[in-house]
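Visitor:
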Amino acid sequence: MIRAWHSRDLSPLLTLWMESTCFAHPFIDTRYWQESEALVRNAYLPSAKTWVWEANGELEGFISVMDEQFIGALFVRPTAIGQGIGKALMNHVKQRFHWLSLEVYQKNERAVKFYHAQGFRIEESAWQEETRHPTWIMNWQVDQRPSA
1 MIRAWHSRDL SPLLTLWMES TCFAHPFIDT RYWQESEALV RNAYLPSAKT
51 WVWEANGELE GFISVMDEQF IGALFVRPTA IGQGIGKALM NHVKQRFHWL
101 SLEVYQKNER AVKFYHAQGF RIEESAWQEE TRHPTWIMNW QVDQRPSA
């Protein structure tokens, strides 16, 4: 169900991104996301490694990693939340990278709790001038302890 993203997925992925990001960030005006779509399409996606969760020919979620370490996006279709898709996508990238970082809006409490459950820890706070909302910078590192 998880596979690498292909350019033919662009339109369905952008539709999923818009639906999911508006759902996850009701505290940010939808116009901000609409104005950001070109940047996602033309800059972020081409520079990221992206994997999608596909079920019955439909994209249900995706994750994008930029610069081999920064999770720029993890979104699941709102109707599919709670089905393990986000966790599966996160585990997929954790198997490929030893250290990951992400930025999440502090008001997106559901996502913050999810990332904590996936082993991410808050390292610092930041401020997004464009949206005028605070974020958390969270990091995860593969367990380096020797096995017993």
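Under UniProt numbering, the letters of the sequence shown match residues 1 to 148, in that order. All C-beta atoms in this analysis are idealised placements derived from N, C-alpha and C, irrespective of residue type, glycine included. Since we're looking at a predicted model, the values are computed, not measured.
1) Let me check understanding here. Comparing Cα to Cα, which of E58, H25, H116 and T30 lies closest to D9?
2) Between which two residues does the alpha helix (DSSP H) holding residue 176 run?
3) Mind reading off the beta-carbon distance from I2 to L102? Whole number of angstroms is fine, and I expect it under 8 Å.
4) By Cβ distance below 7 Å, which residues in the same chain neighbour F114 in space, the five residues on each side in sequence not counted?
5) Please report the straight-line C-alpha distance between F120 and I28, rounded to a whole angstrom.
6) Hey, E68 and F97: beta-carbon distance below 8 Å or not?
Guide: According to the data block:
1) Of the listed residues, the one whose Cα sits closest to D9 is E58.
2) Residue numbering for the chain in the displayed model covers 1 to 148; residue 176 lies beyond these limits and cannot be assessed.
3) L102 and I2 do not touch by the CB rule: their CB atoms are close to 18 Å apart, not below 8 Å.
4) Residues G86 of the same chain have their beta carbon placed closer than 7 Å to that of F114, with the five preceding and five following residues left out of the count.
5) Distance between the alpha carbons of F120 and I28 is about 24 Å.
6) Cβ atoms of E68 and F97: closer than 8 Å.
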